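If you use UniProt numbering, the sequence shown corresponds to residues 1 to 847, in order.
Just so you know, even glycine gets a beta-carbon here, dropped at the ideal spot from N, CA and C.
Keep in mind the model is a prediction, meaning the values are calculated, not measured.
See structure below.
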Amino acid sequence: MHFLLNHPDLRQDIVDTLKMRQHDTDENVRYEVVTAIVTTARRDFDIVSSSEDLLTFVKERTLDKKFKIRKEALTGLAMIYKNHLNDEDCPQATKKAVTWIKDKILHGYYMTSLDDRVLVERLLNTSLVPYTLGPEERMKKLYHLFGTINDHATKAFIELQKTTLVVRNAVRDWTELHRKPTENAKEIQSKIISLSRFLPDPLKAQEFLVKFSKNIVEDPKILSAMELLSKPDVSCKECLVATTVVLRKLGNPVMTNLYYNNIKILLERATSCLIDSQAIPILISYVDDCLNHGNLIDELGLHPGTAGERGLKLLVMLSYVYPCHFMQQSSIQALLKMLTIEDEIVAPLVFSVLSFLGKYRPLGEVFKEEMKQLVPICQDMIEKGTPKQAKQAIRCLYKNLGDSYTIEVMDENSENGVRTVDLFVDILDKVKMNLTPDSPNYRTAIIALGHIAYNMPNKFPAVIKNTVSRKIVKELLIKETEESYQYKKDWVFEEDLPNEVRCKMEGMKMMARWLLGLKAHKESAQKTFRMLNAVIVNKGDLLQSDKMSKQEMAWMRLSAGCAMLKICEQKGVGDQYSPEQFYNLSRLLIDEVPEVREIFANKLHKGLGRNLPNKCLPLDFMGFYALGGLEEEKKLKSMLRTYMNADIARRREYAKNLILGTGGLSTEKALAQLPNFLPDFMLVFAIPVLTHTPAYTSNEAVDELLVMRACLWFILEPLLTQPSDSFSSLFFKEMIDQMKNCKDALNPDDENTNNVSALDLNGDENTNNVSALDLNGDENTNNVSALDLNGDENTNNVSALDLNGDENTNNVSALDLNGDENTNNVSALDLNGDENTNNVSALDLNG
1 MHFLLNHPDL
11 RQDIVDTLKM
21 RQHDTDENVR
31 YEVVTAIVTT
41 ARRDFDIVSS
51 SEDLLTFVKE
61 RTLDKKFKIR
71 KEALTGLAMI
81 YKNHLNDEDC
91 PQATKKAVTW
101 IKDKILHGYY
111 MTSLDDRVLV
121 ERLLNTSLVP
131 YTLGPEERMK
141 KLYHLFGTIN
151 DHATKAFIEL
161 QKTTLVVRNA
171 VRDWTELHRK
181 PTENAKEIQS
191 KIISLSRFLP
201 DPLKAQEFLV
211 KFSKNIVEDP
221 KILSAMELLS
231 KPDVSCKECL
241 VATTVVLRKL
251 GNPVMTNLYY
261 NNIKILLERA
271 TSCLIDSQAI
281 PILISYVDDC
291 LNHGNLIDEL
301 GLHPGTAGER
311 GLKLLVMLSY
321 VYPCHFMQQS
331 SIQALLKMLT
341 IEDEIVAPLV
351 FSVLSFLGKY
361 RPLGEVFKEE
371 MKQLVPICQD
381 MIEKGTPKQA
391 KQAIRCLYKN
401 LGDSYTIEVM
411 DENSENGVRT
421 VDLFVDILDK
431 VKMNLTPDSP
441 NYRTAIIALG
451 HIAYNMPNKF
461 PAVIKNTVSR
471 KIVKELLIKE
481 TEESYQYKKD
491 WVFEEDLPNE
501 VRCKMEGMKM
511 MARWLLGLKA
521 HKESAQKTFR
531 MLNAVIVNKG
541 DLLQSDKMSK
551 QEMAWMRLSA
561 GCAMLKICEQ
571 KGVGDQYSPE
581 QFYNLSRLLI
591 DEVPEVREIF
601 ANKLHKGLGR
611 NLPNKCLPLD
621 FMGFYALGGL
631 EEEKKLKSML
641 RTYMNADIAR
651 RREYAKNLIL
661 GTGGLSTEKA
671 LAQLPNFLPD
681 FMLVFAIPVL
691 THTPAYTSNE
701 AVDELLVMRA
711 CLWFILEPLL
721 TQPSDSFSSL
731 FFKEMIDQMK
741 NCKDALNPDD
751 ENTNNVSALD
761 LNGDENTNNV
771 SALDLNGDEN
781 TNNVSALDLN
791 GDENTNNVSA
801 LDLNGDENTN
811 NVSALDLNGD
821 ENTNNVSALD
831 LNGDENTNNV
841 SALDLNG
């Protein structure tokens, strides 16, 4: 730092030295490199800004393995962004840096450490969008930030806001219990365990939260301040004042005061210091100006083509997190005014904002006059708008009309001059009129019908069932396709498909939404599963007319598979699939078209992670990931592995919280629920999925067994090499031993299917037909070859022993891991023919 500041002639030499030392193995050296550059930037920024290399060094250290180095790098970048964002005279290197600094800071939210997330949240409020600014300037900074960050940073920003909402709700619920601390003692302790998960060291945090809880009970001022800052409609100014009141009661703000620092982190994560009822109308006016191509686009440095859309997406996100701040007449009227803009992307996003507001409090109860203006706009969009407009318009009306689904309209013939109208009766009639192939709004009508059925399943049950049977199934899905289109590419985007095919795809989605709304109509679910399964089995050409192109068939079977996944998320109707349909659905992960595999894998991952545990795919579908071992494309295989690891981590985290009692269940009930969530049980479903793939035909084909072993290792590797706190290798051995006594649910008498042995994961080609390995590698207990997860040849060169102790079987040579044919060419046979030893059958998925 000293040389950079005071010796201009040596700066290039210093830069070269820093470049080498930033990758030093000593973390203190790397830390000093970052500190030197950041300190220089604080004292004389021109030195740093004139050299892109120095900024690049700091950028690279944001991914350092040590948190203190990452923290110093991110803090330094945030300081640069804050101090020089509006400096028109700053060097070109700084202007380039500003474009990636905000992205780099928000990318830190993807780090697994909670310290990183807390740091990013703090930098957002202090540097990216400083909370000390006035509402007008603060909203400009926020709009500029959201309008210019990349997609990954956008996802991080949205996740950050959702986390703030979760923490704030948890703090509010916990604070309310302190009004009656004696009666709510157990609930308070349970909430403390939940809140500790939002702090860097949960065990230590619990101690501090217990102490803080006592302070809340003893000091009414702290209780009042906590209630104020956790209120949904609190203003930014009130929030800051309440936070200051609480922190003053916690002692001196020094690093050694861990109690103060932990409670400060909790308050920072729970408070709303950027958005309030004063800021929202200002932001709405800025978005409206950008939608009308005003001067604000240039002032904020936004792209003219995306400025309005990005602003609307920001409003959608904020309406989900802060709906109470939108509940002002001026804000609602400004949003309705946006619906007059002739741009098809505007209406769906505005409807989304209004839907989130209606979820908080129906607009029909609060703003009746504005609701009367909204209704005809929604009706028109449902009848003549685009599919997205119709979808969001129905959802908007459903959320804002209340439980009656009615609205009062002027009528001169009635006694009071007012008549109550059931809107959705009229809307459904218009939708049914458009359910003809000749209608220009055919696809819009199909989508509208699906969302009416999903949101109001009990309002028109008979009408919708008959409509599905006649209009969707008979007149659409089983109608023979006209002559096929010819495409130049092997894969086309959905927008390039003919309207007839797209309507059929939407028809399958419509049936899925209908069943999701019904929730428990088993007969309809079984019929739908049979039809969707037929689409998959027939490669997308349901009638086998040979008139559909390969591209259209690929989209059809993909849509059928995605519809089945969607139905399976709902308990009741989602449990009605048969084993055969389950196996056929899994084959989309090994489809001949790479794009089908990629899109289906993405839908599978989203389904497994959505709203765990109630509205997600059951554990059965984790077994599909075993087919990732058959994937030949490196990119897709890596994607599947990433998805699988994320789903395993998410379910393990949920199971851990369940056991700790944060789920509100007793220990006994929590333990009973574990088999439904623990990812370790995915092995039970993976083996039967593998036995029904085309890659497996016989348990005597060594090449096929090697492929099956690779598939099993694909899912076992994250389960074994990244074990959870409750990991037990004996658990896997016991599970595999029980699976050996099961028979296949689809073909219980098929010996070829039932004689699938547990594969020798050590790599012995000739011991694949012996029983499961003891994952502890304990030879004395199980007489099975040891499994060395590290690949130690000395450990792995052990013969595969017969579990029955038959000497004739045990005289098999050790495996040569180097692939020596002379060594490996000995078969590992069970001369006793013991079926209990050798037969591992596929699990009966029906129990």
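Bounds of the alpha helix (DSSP H) holding Lys733 are Ser729 to Met739. In the three-state DSSP reduction, Thr420 falls in the strand class (E or B). Not a single unbroken stretch of the beta strand (DSSP E) spanning 3 or more residues falls wholly within the stretch 86–169. Between Val287 and Gly251, the gap from beta carbon to beta carbon reaches 7 Å or more. For Met564, the enclosing alpha helix (DSSP H) begins and ends at Lys550 to Cys568.
When only Cα atoms are considered, Phe424 and Thr163 end up about 36 Å apart.
In this chain, the alpha helix (DSSP H) harbouring Lys264 covers Leu258 to Ala270. At a Cβ-Cβ threshold of 7 Å, Ala170 and Leu145 do not count as neighbours. Of all alpha-carbon atoms in Lys488, Ala448 and Asn499, the one lying nearest the alpha-carbon of Met511 is that of Ala448. A residue is called buried when at least 16 other Cβ atoms come within 10 angstroms of its Cβ; Lys71 meets this threshold and is buried. The stretch 323–340 makes contact with the stretch 273–285, as at least three CB pairs between them are under 8 Å. Under the three-pair Cβ rule at 8 Å, the stretch 705–717 counts as touching the stretch 622–637. DSSP places Glu653 in the helix class (H, G or I) of the three-state scheme. For Asp496, there is no enclosing alpha helix (DSSP H), as DSSP marks it with neither H nor E.
Going by C-alpha positions, Ser272 is about 41 Å away from Glu494.
In the structure shown, Val593 falls within a coil segment according to DSSP collapsed to helix, strand and coil. Distances from the alpha-carbon of Gly76 to those of Thr386, Thr40 and Ser319 put Thr40 closest.
Taking the C-beta atoms as reference points, His178 is found no nearer than 7 Å to Val120.
The straight-line gap separating the alpha-carbon atoms of Tyr81 and Phe212 is approximately 36 Å. Annotated three-state conformation of Ala453 is helix, per DSSP.
If the five residues before and after Asp103 are omitted, its C-beta is found closer than 7 Å to the C-beta atoms of Ile149, Asn150 and Ala153, all from its own chain and listed in chain order. The C-alpha of Lys141 is placed about 11 Å away from the C-alpha of Gly134.
In the DSSP assignment, Gln389 falls within the unbroken alpha helix (DSSP H) covering Pro387 to Asn400. DSSP, reduced to helix, strand and coil, places Cys236 within a helical segment of the structure shown.
Taking one beta carbon from each stretch, the stretch 338–356 and the stretch 293–301 have fewer than 3 pairs nearer than 8 Å; the two do not touch. Around the beta-carbon of Asp438, fewer than 16 other beta-carbon atoms lie within 10 Å, marking it exposed. Per DSSP, Lys474 lies in no alpha helix (DSSP H) segment and is marked neither H nor E. Taking a contact as a CB-CB distance under 8 Å, the pair Ser331 and Cys396 does not count as one, their CB atoms being some 16 Å apart. Rounded to the nearest whole angstrom, the CA to CA distance from Val501 to Ser549 is 11 Å. Between Lys221 and Val245, the alpha-carbon positions lie close to 8 Å from each other.
For Val316, the enclosing alpha helix (DSSP H) has its first and last residue at Ala307 to Val321. Listed in chain order, the non-local C-beta contacts of Asn125 below 7 Å within the same chain comprise Tyr131, Cys273 and Leu274, local neighbours out to five positions each way being set aside. Counted as a single uninterrupted DSSP element, the alpha helix (DSSP H) harbouring Pro376 occupies residues Lys368 to Lys384.
If you compare the alpha carbons of Ala655, Ile687, Pro688 and Leu683 with that of Ala672, the shortest gap goes to Ala655. For His178, the secondary structure class from DSSP, reduced to helix, strand or coil, is helix. Shown here for Ser352: same chain residues with a beta carbon closer than 7 Å to its own, the five before and five after excluded, namely Val316 and Gln392 in chain order.
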